[in-house]
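Start counting the first sequence at 205; every next residue gets the next number (the numbering used here). What follows is a short report on a single structure.
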Amino acid sequence: MLTLQYLREQKEEALNRLARRCNKELEGFVHKALELDIEKRKILSELENLQAEVNKASKEIGTLMRDGKKDAAEAIKTRVAEIKSRTQDLKTDLNSVDGDLNAVMYQIPNAPHKDVPTGKSAEDNEEVFSAGKLPELGEHALPHWELAAKYKLIDFEMGVKITGAGFPVYTGAGARLQRALINFFLDMASEAGYAEVIPPLVVNEDSGIGTGQLPDKEGQMYYIGEDDLYLIPTAEVPVTNMFRDVILDEGDLPVKKCGYTPCFRREAGSYGKDVRGLNRLHQFDKVEIVQIAQPEESYKVLGEMVDHVKTLLEKLGLPYRILRLCGGDMGFAAATTYDFEVYSAAQDKWLEVSSVSNFEAFQSNRLKCRYRKAGEKKTELVHTLNGSALALPRILAALLENNQDESGIAVPEVLVSYTGFERIEG
RNA sequence: GGAGAAGUGGCAGAGUGGUCGAUUGCACCGGUCUUGAAAACCGGCGUACCGAGAGGUACCGGGGGUUCGAAUCCCUCCUUCUCCGCCA
């Protein structure tokens, strides 16, 4: 969440930035939070003063008891009892105000960066880059779900049988291609200096809160009630949470991690042709890159991550474009997000395959991930960033569709050493 | 899954109701000494919030309770270790 300090000290800027989300409620939330903050601090200072009195009196009692002056001790006790009843009230008030304050703060999304366009929906996103030539397929061109069936790459029906819709079974060359992509992405990330981790696929509540999935967005995650755990919607959650409650040294930054994991999303409310084939799944594979950076560096780091994803798409030979998301289309925790979309020719659709975001201090404030500049005593919140590099299913969809001809599908050259075959044929 | 033991500052390790936010050692930082280093000696050495400051408050695995007062007592959860069972 945003820090109260930021709202207090730079309220106008905060409101300005939040306005880019086109959510009329937000201004009210900010004012509410600041009011509650003042109230909280008023109660807190009164409570702490009383607490100090009690502490002092308790010490006196201790001294008196040791000296055997029981009567004098009893006299102080009655005085303390009065103060205590007052502190009880204050504690109740404090809890209530603090609860309200937290509730409001949890509803305030990250403040978009100054360069983020104001807007309500995907229509207001801004295309900032595009590359690659859109392939022109002949009449014979098939959408990927038909190609998957024709060449026995993916068995959607089998997935339905053993689990349900959105859980495909990759088979034969399809499975092999999937694994090739994972290895290719991981190798590229390693080369770019990201240290590989294999995190748990299931996380606890604290982790969900740390990266912003909880509270309020439980509906997106699969929940294991018996153990109070959540299936991860992205490796971002476990990997970023490795740094929860951690104080780093300046010299540790930037931290660069990457990880491959399956991702699980309930995608409640999705329907129709959006979910056809590989377009939207409940379980999918993704390689994620994560960085933890100094605040002054974070936008440079964001650019570096964007460049990394560009490289991947170019090596795969996929036409793509980059969108800077508008305020209204960005995720709750993000300050800036670039979405990457590849063109999937047979569907004639742009498919989102990566989302690269700078969360600034929004996540680190929840995570309590701080760093200390060399020689300084004070700690400061780090900036966290992450991006998909890349999400597999839509990449696979685009590869199948764009690289098809009448007799088969060509495997991109960079993948051949991983797949062991150059073409998929009937 | 069953039985037992334990969780204290970066690490080690004291502390079982009253100046304990916490003895001590190591590590670390600064200084003295030294040609330099080591050793020795002196000093410093957790986090967060409130406060202009002095200072105050909170935190000894998490949460709750008893008490004027809790690291210390009680309840509960979590984790680790040992033994048994089961198992890739």
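For every residue, glycine included, the Cβ atom is placed at its ideal position computed from N, Cα and C. Bear in mind that the values here come from a model prediction, so they are computed numbers and not experimental data.
Boundaries around residue 613 are those of the beta strand (DSSP E), 612-614, since no alpha helix (DSSP H) includes it. Secondary structure at residue 357: coil, using DSSP grouped into helix, strand and coil.
Counting only residues of its own chain and dropping the five nearest sequence neighbours on each side, residue 605 has a CB closer than 6 Å to the CB of 348, 548, 549 and 550. Its chain contains 244, 247, 248 and 251 as the residues whose beta carbon lies nearer than 8 Å to that of residue 298, once the 5 sequence neighbours on both sides are disregarded; these appear in chain order. Residue 612 places its beta carbon less than 8 Å from that of residue 628. Residue 212 holds the alpha-carbon nearest to the alpha-carbon of residue 240 among 212, 524 and 279.
The Cβ-Cβ distance between residue 589 and residue 568 does not fall below 8 Å. Short of 8 Å from the beta carbon of residue 237, and not among the five residues preceding or following it, lie these beta carbons of its own chain, in chain order: 208, 211, 305, 308, 309 and 312. Within the same chain, and ignoring the five residues on either side of residue 324 in sequence, the residues whose Cβ sits closer than 7 Å to its Cβ are 226 and 532. Every beta strand (DSSP E) stretch that sits fully inside the stretch 321-380 and reaches 3 residues is listed by chain position as 330-335. If one requires a minimum length of 4 residues, the alpha helix (DSSP H) runs lying completely within the stretch 414-496 are 440-445, in chain order. Closest in alpha carbon position to residue 587, among 580, 537 and 559, is 537.
Cβ contact annotation for residue 499 (same chain, cutoff 8 Å, sequence separation greater than five): 564, 565, 584, 585, 586 and 587, in chain order. Apart from the 5 residues on each side of it in sequence, residue 448 sits with its Cβ closer than 8 Å to the Cβ of 410, 411, 414, 571, 572 and 573 in its chain, given in chain order. Secondary structure note for residue 575: its beta strand (DSSP E) is the uninterrupted segment 574-576. With respect to the 8 Å criterion, residue 602 and residue 546 are classified as neighbours on the basis of their beta carbons.
Considered as a whole, the stretch 561-606 harbours 566-571 and 596-606 as its complete alpha helix (DSSP H) runs of no fewer than 4 residues, in chain order.
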